[in-house]
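Trainee: Numbering (my numbering), first residue to last: 3 to 172. Have a look at the structure that comes next, please.
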C-alpha cells in the first residue's frame, strides 16, 4: 500500500478557435495498492483538486465571452499494470500504465456558468507513471491523457494531467 499526496497541472483540450485553456496548480492525495512481485497490478483511489483557466479568444463577441477559473474536484481511480525495473529491498523503480476513471464530485467557477450537472458522470483517461522508492519513501511522476470528454458544452473537453507525488509505502 502506498499512501501519497502531491500536486498536479491539468489542461482542458478546447476548441482552439474559441477557448484557451491554461493549467494552474492543483493538489491530490490518495492510496495505491501494489499487487505482485515482477509483473504488478496497481489499483488506487485518489482525490484530485484540478484548477485551470478557461477564457474566450479576442475575436469572440463580447456578449459570448468569459474568463473563468475552473476548480474541479474529482476522484481518480486508476487500474494499472506494470513491472519493476529495479526490485531491491531498499530501492525500487517501477513503471505502470492503464486506464484511469475520473468521477467529478464538485465544480467551482466564476464566469462560464459551468456546473456539476453539465459534466458527465465519469470520464476515462489513459494513465502512466514511474515511481522511485528509497526505503519506504516513494516519488512518483504521473501522466493522464483523457480519452473521453468531460462535458458536452465545448466541442472538445478532454483533459491532460501531469503530476508529482510523494508517498509512504507500507
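Backbone N, C-alpha and C fix where the C-beta goes; we use that ideal spot for every residue, glycine too. Just so you know, these numbers come straight off a predicted model, no measurement behind them.
(1) Determine the contact status of residue 152 and residue 110, defining contact as a CB-CB distance below 7 Å.
(2) How far does the beta strand (DSSP E) with residue 55 in it extend, from its first residue to its last?
(3) Going along the chain, which unbroken runs of the beta strand (DSSP E) with 3 or more residues stay wholly within the region 126 to 155?
(4) Go ahead and pull the three-state DSSP assignment for residue 92.
(5) If you follow the beta strand (DSSP E) that residue 121 is in, where does it begin and where does it stop?
(6) Taking residue 139 as the reference, which of 23, 168, 132 and 150 has the closest Cα?
(7) Please tell me whether residue 78 and residue 102 are closer than 7 Å, where the distance is taken between their beta carbons.
(8) Using 10 angstroms around the beta-carbon of residue 24, count the other beta-carbons present and answer buried if the total reaches 16, otherwise exposed.
(9) Do residue 30 and residue 46 have their CB atoms nearer than 7 Å?
(10) Looking only at C-alpha atoms, which of 95, 108 and 118 sits nearest to residue 141?
Mentor: This is what the structure gives:
(1) Sequence index remark: in the chain shown, residue 152 carries index 150 (1-based). Sequence index remark: in the chain shown, residue 110 carries index 108 (1-based). For residue 152 and residue 110, no; Cβs fall outside 7 Å.
(2) Mapped onto the chain shown, residue 55 falls at position 53. Residue range 41 to 58 is occupied by the beta strand (DSSP E) that includes residue 55.
(3) DSSP assignment within the region 126 to 155 yields the following whole beta strand (DSSP E) runs of 3 residues or more, N-terminal first: 139 to 148.
(4) Counting from 1 along the chain shown, the entry for residue 92 is found at position 90. Here residue 92 sits in coil by DSSP.
(5) As a first step, residue 121 must be located in the chain shown, where it is residue number 119. Per DSSP, residue 121 belongs to no beta strand (DSSP E) and is neither H nor E.
(6) Residue numbering aside, residue 139 sits at position 137 when the chain shown is read from its first letter. Comparing Cα-Cα distances from residue 139 to each of 23, 168, 132 and 150, the minimum goes to 168.
(7) If you number the chain shown from 1, residue 78 lands on position 76. If you number the chain shown from 1, residue 102 lands on position 100. Against a cut-off of 7 Å, the Cβ pair of residue 102 and residue 78 comes out as a contact.
(8) In the chain shown, the residue the question calls residue 24 occupies position 22. So residue 24 counts as exposed.
(9) Mapped onto the chain shown, residue 30 falls at position 28. Mapped onto the chain shown, residue 46 falls at position 44. No, the pair does not count as a contact, with Cβ atoms beyond the cut-off.
(10) As a working note, residue 141 is residue 139 in the chain shown. Scanning 95, 108 and 118 for the CA closest to the CA of residue 141 turns up 95.
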